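Going by full-length UniProt numbering, the first residue of the sequence shown is number 1, and it counts up by one from there.
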Amino acid sequence: MASKHVMLSYQWDDQKLVTDVYNYLTENMHMKVWMDINGGMKANVYECMAEGVQGAEVIVCFLTAKYQASTNCQQELQFARDSKVSIVLCRVQSSWKPSDWLGFITAGSLLVDFRNVTTENFSSRMEELVKQINFITGKNLVPTESKNMTRMNRQIAVAPSVPLTSMLVKEHIETKNHKPNDNHQKPITTQPVCDGSPVVINENLQPYLESMYTILQPDNRLTLMVQLESGFPNRFRYLVIITCIGKQQTEESALLGFDVTSSEITIGMTLPIRADLDISLDGDGGFKVTSYDQCYMFKPVSVQALWTAYQSLHKASNQARHYNYITNAGVTHGWLEYYRHIDLRSNQIYINEWNQMNDILSHRSDSPHLYQPLSSDEEALRTRINVKLKELMLQVDLDQVTPKFLREQLENAFEMSLSSYKQYIDDEMLQILAQMDKSTMILPHLYLGSEWNASNFEELKANNIGYVLNVSREIDNFFPGHFKYLNVRVHDHDDADLLKEWEKTFRFINEAKLNNQSCLVHCKMGISRSASTVLAYLMKENNHSLVDALEHVKQRRSCVNPNGGFRNQLLIYEGILAAHKTFRSKLNDCQITTTAKTMSTTPTPIESLSSVSEDLMVLLRKKSPNKIYGGTIHPNSLT
């Protein structure tokens with residue numbers, strides 16, 4: 001560790017334990033360790049603290065209630081954080097959890113377990129601590145008495161240096177509902193787990209870590225794991241970053257979304273981390289990740305977990321930009337296909353939650369948003385009414401039922417009176433009815449429609465829809481397991497930027513065409529956002545002017561009416577296409593001119609036969625006045 005040392009921070013009551021740790025690290029591991037009673041003690045406690053912290057590469061803190069109550073310990077740990085020194089947290093006291101200032105610092109973190117240490121288990125606890133230190137220092141120091149390590153532990157030990165922001169406490173929890181004979185079930189291990197990765201995970205689920213490692217490929221390394229909020233009871237979600245050395249012999253990273261229940265661990269989301277990855281906070285305790293045509297929202301369970309994930313993603317993204325990992329290049333992240341295998345895939349309802357976006361007002365019937373206990377919250381209840389009402393209106397003959405009948409069916413479904421929502425239910429009925437016209441065929445492979453059309457599975461299948469282009473911010477993807485989706489998340493506002501999306505939407509629609517399938521383009525009503533996108537497609541695909549494209553669409557769907565902002569963008573797009581066409585035309589003219597000049601200065605086959613006798617030249621002309629060697633020679637080209 002060069003001139004840097006490992007500093008041991010503790011409260012005096014734990015001096016014996018910490019002294020044993022000091023002896024183990026110095027004697028067994030030959031580490032340079034700083035401890036106040038072993039050469040670090042000075043008359044001035046603050047001078048002593050400054051020396052220990054400023055010279056430290058790692059600070060190991062042994063946490064107890066008395067440590068938390070100590071002003072000196074608080075100042076020491078805070079000084080270490082301010083100095084950006086990496087910290088390893090160890091829990092020493094049983095039946096106690098950090099709170100107040102210490103609780104804030106350790107929120108979301110996991111701690112190396114030093115509770116109930118005995119002579120028999122001390123070495124294993126120290127091995128765990130050493131793994132944490134190895135990660136920070138980039139060393140691979142292994143205790144001499146530990147020769148047999150599992151694949152998981154070997155994998156951790158050789159990992160390169162990463163910022164260690166959270167640590168793991170060993171726990172032993174009995175497995176429940178284990179189904180060993182089901183090949184699709186991933187057994188939950190009951191073995192204690194140790195991990196040096198920067199992991200943020202609920203302590204009650206720590207045994208699942210080893211099962212996750214059994215899923216990982218041997219040459220893949222887990223570098224981050226944070227718990228996310230889940231919309232379903234008895235199911236946990238974890239966001240994981242894994243890395244692998246790719247075909248180019250450079251490190252590649254990817255995001256995996258793990259779904260954890262009492263009986264299985266599956267993968268609901270995979271996303272390669274490439275150069276175009278964009279990470280932004282959503283202002284509500286989560287963050288959004290966008291890459292090419294994929295967009296995901298993640299909401300960690302704690303502030304510390306949010307910070308850890310945000311920092312780690314930026315680091316992985318910077319690395320991807322450094323190596324210029326671009327989308328569709330086909331040379332990176334091939335190893336990620338293993339994690340998309342059907343045997344590892346989560347069920348569709350869980351996958352749908354990974355694909356869920358904020359600001360969704362129209363939910364599909366299996367949305368996790370609707371699995372929460374029925375709430376009296378007005379907005380949540382209105383959302384459920386809307387979803388259930390659409391479901392009912394699909395099932396009944398609307399010529400035979402009354403609004404009162406539908407409201408009574410809603411009340412039966414929710415087991416509550418909805419008399420105060422009569423007006424809202426009537427308004428929703430009318431809006432749903434306005435959407436219920438069939439989608440419009442613009443081209444044999446292109447349909448324009450509304451939210452209703454996007455939620456009507458039978459209609460989609462009848463129209464050979466295989467691709468759905470959702471041009472809305474507020475509408476969910478209703479059947480993500482059955483159709484390929486592309487989302488353009490915009491509101492119907494004049495200042496929304498659709499222009500930048502039209503090249504991507506053009507390729508998406510043409511992909512459907514190439515695969516002999518149709519594409520439905522929809523927004524809320526099929527009037528403005530989706531209509532503008534269809535117009536842009538026609539202008540490029542069929543070489544239409546905006547006027548011609550608008551006439552073509554209005555003849556088939558008279559309600560089409562892009563807002564003013566989208567009309568302006570369509571005019572700009574028309575100019576871009578015209579400029580591109582002019583450029584291509586001039587380029588072709590230039591190429592033709594160049595070719596003509598080349599031909600005029602290039603000797604004909606006869607002219608090039610300068611070494612042939614004049615008599616032979618005359619003979620050749622007589623035998624074939626216009627053809628030489630099978631190539632046509634025009635008479636006026638001969639001299």
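Cβ coordinates follow ideal geometry from the N, Cα and C atoms, glycine included. Values in this document were obtained by computation on a predicted structure and should not be read as measured data.
Task: One or two residues paired with P300 in a DSSP bridge - done: L228
Task: Segment limits, alpha helix (DSSP H) that includes F506 - done: W502 to L514
Open item on the list: Just to confirm before moving on: does the CB-CB distance between V560 and A536 stay below 9 Å?
Closed with: No, they are not a contact pair.
TODO: Grab the span of the alpha helix (DSSP H) containing R349 for me, first residue to last.
DONE: For the sequence presented, residue 349 should be read as Ile rather than Arg. It spans Q348 to W354 - the alpha helix (DSSP H) in which I349 sits, taken as one unbroken run.
- [ ] Can you say whether I351 is buried or exposed, counting buried as having 16 or more other CB atoms within 10 angstroms of its CB?
- [x] buried
Task: Integer Cβ distance of A56 from M126, believed to fall under 8 Å - done: The Cβ separation is near 19 Å, so there is no contact.
Task: Per-residue DSSP class, three states only, for S9 - done: strand
Open item on the list: Assuming contact is defined by CB atoms lying nearer than 9 Å, are F232 and I385 in contact in what I supplied?
Closed with: Their beta carbons are not under 9 Å apart, which means F232 does not touch I385 by this criterion.
TODO: Express the C-alpha separation of S124 and L514 in angstroms, rounding to a whole number.
DONE: 59 Å
Open item on the list: Among N470, E76 and R221, whose alpha-carbon lies nearest the alpha-carbon of V521?
Closed with: N470
- [ ] State yes or no: is the C-beta of I105 within less than 9 Å of the C-beta of L129?
- [x] no
Open item on the list: Within a Cβ cutoff of 6 Å, which residues of the same chain sit near R529, ignoring the five residues on either side of it in sequence?
Closed with: V471, D492 and C523
Task: Of the residues V53, N28 and K16, the one placed nearest W34, counting alpha carbons only - done: V53
- [ ] Using alpha carbons as the reference points, say which of P444, C48 and Y310 lies closest to R72.
- [x] Arg is not the amino acid found at residue 72; the sequence shown has Asn there. Comparing Cα positions, the closest option is C48.
TODO: Grab the span of the alpha helix (DSSP H) containing E252 for me, first residue to last.
DONE: Where E252 is concerned, there is no enclosing alpha helix (DSSP H), although the beta strand (DSSP E) it sits in stretches over E251 to V260.
Task: Test item: CB-CB of T268 and E353 under 9 Å - done: Position check: residue 268 holds Gly in this sequence, whereas Thr was assumed. Yes, the pair counts as a contact, with Cβ atoms nearer than the cut-off.
TODO: Excluding the 5 residues preceding and the 5 following F506 in the sequence, name in chain order all residues of the same chain whose CB lies nearer than 6 Å to its CB.
DONE: Y537 and K540
Open item on the list: Suppose the cutoff is 8 Å on Cβ atoms and the five residues either side in sequence are ignored; what does the same chain contact list for S83 look like?
Closed with: Result list for S83: V53 and Q54, in chain order.
Task: Every unbroken beta strand (DSSP E) inside the stretch 408-449 [3 residues or more] - done: 440-443 and 446-449
- [ ] Assign K16 to buried or exposed, taking buried as 16 or more other Cβ atoms, counted over all protein chains shown, within 10 Å of its Cβ.
- [x] exposed
- [ ] Have a look at the DSSP bridge pairing and note the partners of F287.
- [x] L281 and F298
Open item on the list: Can you tell me whether Y46 is buried or exposed? The criterion is at least 16 other CB atoms within 10 Å of its CB, across all chains shown.
Closed with: exposed
- [ ] Starting from S86, follow the alpha helix (DSSP H) in both directions and report where the run begins and ends.
- [x] From DSSP, S86 is part of no alpha helix (DSSP H) but of the beta strand (DSSP E) over S86 to R91.
Open item on the list: If you follow the alpha helix (DSSP H) that F62 is in, where does it begin and where does it stop?
Closed with: Counting along the chain, F62 sits inside no alpha helix (DSSP H); it lies in the beta strand (DSSP E) bounded by residues A56 to L63.
Open item on the list: On a Cα-Cα basis, can you pick out the residue from Q132, G103, E391 and L89 that is closest to R115?
Closed with: L89
Task: C-alpha distance - D13 paired with D36, whole-angstrom precision - done: 14 Å
Open item on the list: Quick check on this structure: which residue in T118, Y292 and V60 has the alpha carbon closest to the alpha carbon of N134?
Closed with: It is V60.
Open item on the list: Taking a contact to mean a Cβ-Cβ separation below 9 Å, would you say S317 touches I279 in this structure?
Closed with: yes
Task: Status (buried if at least 16 other CB within 10 Å, exposed otherwise) for D427 - done: exposed
TODO: Tell me whether Q569 is buried or exposed, calling it buried when 16 or more other Cβ atoms sit within 10 Å of its Cβ.
DONE: buried
Task: Secondary structure of V396, DSSP reduced to three states - done: V396: coil per DSSP, three-state reduction.
Open item on the list: Quick check on the DSSP output: the beta strand (DSSP E) that includes M269 runs from which residue to which?
Closed with: Boundaries of the beta strand (DSSP E) harbouring M269: I265 to P272, taken from the DSSP string.
Open item on the list: Checking the sheet assignment: what are the DSSP bridge partners for C559?
Closed with: Paired residues: none, contrary to the question.
Task: DSSP-derived helix/strand/coil call for K176 - done: Confidence at K176 is low in this model, with a pLDDT of 30, below 50, so the placement of that residue should be treated as unreliable; the coordinate-derived value is given next. Note: K176 maps to coil in three-state DSSP.
- [ ] Measure the Cβ-Cβ separation of T332 and R274 and say whether it is below 9 Å.
- [x] yes
- [ ] Give the single residue among S420, E459, G283 and F287 whose Cα lies nearest to the Cα of E378.
- [x] S420
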